[in-house]
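Chemist: Numbering (my numbering), first residue to last: 4 to 270.
Every residue gets a Cβ at the ideal spot worked out from N, C-alpha and C, and that includes glycine.
Note that the structure is predicted; figures quoted are calculated from it, not measured.
Dumping the structure here so I can ask a few things about it.
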Amino acid sequence: AEAAPPEMELDLIDFDPEQPRRSLDETLLGELAASIRAKGVLEPVSLRTHPDRPGRYIVNRGERRVRASRMAGLATVPWFLDERIDRYAQAIENLQREDLSPFDLAHFIAARESEGTSRAEIARRLGKPASFVTEAAGLVDAPAPVREAFDDGRARDTRVLYQLSRGLRDKPEAVKPVLETPGRLTRQAVKAALHAPAAAPAREELPTRRIEGTRVARAILVEHGGRRGRLRCNGQPGKRTAQIDFEDGSRKTVELADLKLIAWTGG
4 AEAAPPEMEL
14 DLIDFDPEQP
24 RRSLDETLLG
34 ELAASIRAKG
44 VLEPVSLRTH
54 PDRPGRYIVN
64 RGERRVRASR
74 MAGLATVPWF
84 LDERIDRYAQ
94 AIENLQREDL
104 SPFDLAHFIA
114 ARESEGTSRA
124 EIARRLGKPA
134 SFVTEAAGLV
144 DAPAPVREAF
154 DDGRARDTRV
164 LYQLSRGLRD
174 KPEAVKPVLE
184 TPGRLTRQAV
194 KAALHAPAAA
204 PAREELPTRR
214 IEGTRVARAI
224 LVEHGGRRGR
234 LRCNGQPGKR
244 TAQIDFEDGS
254 RKTVELADLK
264 LIAWTGG
């Protein structure tokens with residue numbers, strides 16, 4: 004018969020401060036603790052030696068099992084040693100178990116980008132589409148109402164959260180009523196709100212100027228290189244470049260062909 008894995012004292016196990024997952028569902032943790040009381044820990048946890056505290060270990064994979072075992076009153080857990088540190092393996096495991104919130108994933112992506120890894124490479128290593136990584140990354144600074152919608156269970160889908168987050172910045176008057184609606188927020192509901200025609204503002208609120216006899220709107224929102232800003236109307240027909248006033252206060256001349264139109268107002 005195959006030998007049983009060794010046991011490690013729970014008091015000697017520390018959690019990884021760089022673990023991608025930043026929160027745990029207490030209800031699910033309690034259910035796992037109840038299962039462990041009844042059946043024990045069925046899968047050994049992966050540990051590595053602590054670099055600064057001799058005789059102690061850090062969890063690679065299995066944090067939920069360690070926490071639930073402590074809740075269940077156990078003194079030890081089965082384990083195996085693995086000195087490799089693979090942040091992507093941790094993230095993938097959490098994604099597969101649906102233990103990693105979109106906001107935790109956003110911070111994981113930001114951390115990998117700060118190390119010089121491209122989003123395309125992050126997507127490849129996670130086994131996810133590039134669009135999924137882009138949407139998740141956009142949640143790193145999600146507004147509080149969007150986080151609240153996730154916490155209360157009304158919005159759990161990454162794309163919905165991303166659309167709500169972008170919508171609160173670009174079309175707050177359309178998205179705020181959606182967030183105030185009770186019940187689960189679907190992709191269809193958010194998409195409908197974002198594409199609903201905006202109410203026409205009063206004529207005096209439309210700052211325009213005349214270019215060769217035609218009145219054009221000055222409030223044209225565009226995107227260039229992942230940054231948003233307002234297109235400056237310079238009144239020079241035939242030019243293939245334009246100046247953009249970006250949201251961070253900078254100004255740059257760019258090729259018109261490289262711009263993505265986001266929204267405009269005027270008449």
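With DSSP collapsed to three states, give me the class of phenylalanine 106.
Modeler: helix
Chemist: Beta-carbon within less than 7 Å of alanine 109's beta-carbon, same chain only, minus the 5 sequence neighbours each way: which residues are those?
Modeler: Ala139, Ala140, Leu142, Val143
Chemist: Pick from Ala177, Glu183, Pro185, Glu116: whose alpha carbon is nearest that of alanine 195?
Modeler: Ala177
Chemist: From the DSSP output, which residues share a beta bridge with threonine 79?
Modeler: Glu12
Chemist: In whole angstroms, what separates the C-alpha of arginine 70 from that of glutamine 246?
Modeler: One C-alpha to the other measures close to 55 Å.
Chemist: What is the DSSP secondary structure of lysine 174, counted as helix, strand or coil?
Modeler: The answer is coil: DSSP assigns lysine 174 none of H, G, I, E or B.
Chemist: Could you tell me which of Val193, Arg67, Leu167 sits nearest to serine 38, measuring between CA atoms?
Modeler: Arg67
Chemist: What is the C-beta distance between leucine 13 and valine 62, in whole angstroms, given that I count them as a contact (C-beta under 8 Å)?
Modeler: Their Cβ separation, rounded to whole angstroms, is 11 Å, which puts leucine 13 and valine 62 out of contact at 8 Å.
Chemist: Check whether the Cβ atoms of leucine 188 and arginine 157 lie closer than 7 Å to each other.
Modeler: yes
Chemist: Using the rule of at least 16 other Cβ atoms within 10 Å of the residue's Cβ for burial, across every protein chain shown, is arginine 56 buried or exposed?
Modeler: exposed
Chemist: Using DSSP with H/G/I as helix, E/B as strand and the rest coil, what is glutamate 250?
Modeler: coil
Chemist: Kindly give me the distance between the Cβ atoms of phenylalanine 111 and alanine 126, rounded to whole angstroms, as I take these residues to be in contact under 8 Å.
Modeler: Contact flag wrong, Cβ pair sits at about 12 Å.
Chemist: In three-state DSSP terms, what is isoleucine 112?
Modeler: helix
Chemist: Compute the distance between the beta-carbons of lysine 255 and glutamate 226, then report whether it is under 7 Å.
Modeler: no
Chemist: From Ala133, Ser72, Pro20, Ile265, pick the residue whose C-alpha is nearest to that of leucine 32; which is it?
Modeler: Ser72
Chemist: In the DSSP assignment, find the beta strand (DSSP E) that holds glutamate 226 and state where it starts and stops.
Modeler: 223 to 227
Chemist: Tell me which residues share the same chain as alanine 133 and place their Cβ nearer than 7 Å to its Cβ, disregarding the 5 neighbours each side in the sequence.
Modeler: Arg122, Ala123, Ala126
Chemist: Would you kindly check if the distance between the Cβ of leucine 182 and the Cβ of proline 146 is under 7 Å?
Modeler: no
Chemist: Where does leucine 32 fall in DSSP's three states?
Modeler: In the structure shown, leucine 32 adopts helical secondary structure according to DSSP, grouped into three states.
Chemist: Taking the alpha-carbon of phenylalanine 106 as reference, which of Arg25, Asp173, Ala6 has the nearest alpha-carbon?
Modeler: Arg25
Chemist: Just the C-alpha distance for arginine 230 and threonine 30, rounded to the nearest angstrom, thanks.
Modeler: Each residue's alpha carbon lies about 40 Å from the other.
Chemist: For threonine 137, report the span of its alpha helix (DSSP H) as first-last.
Modeler: 133 to 140 is the extent of the alpha helix (DSSP H) around threonine 137.
Chemist: Between which two residues does the beta strand (DSSP E) containing leucine 197 stretch?
Modeler: Per DSSP, leucine 197 belongs to no beta strand (DSSP E); it is in the alpha helix (DSSP H), 190 to 198.
Chemist: Just how far apart, CA to CA, sit proline 175 and alanine 92?
Modeler: 37 Å
Chemist: Cβ atoms of proline 54 and proline 8: under 7 Å apart, would you say?
Modeler: no
Chemist: Go through its chain and collect everything with a Cβ distance to threonine 161's Cβ below 7 Å, but skip five positions before and after it.
Modeler: Pro105, Phe135, Glu138, Ala139
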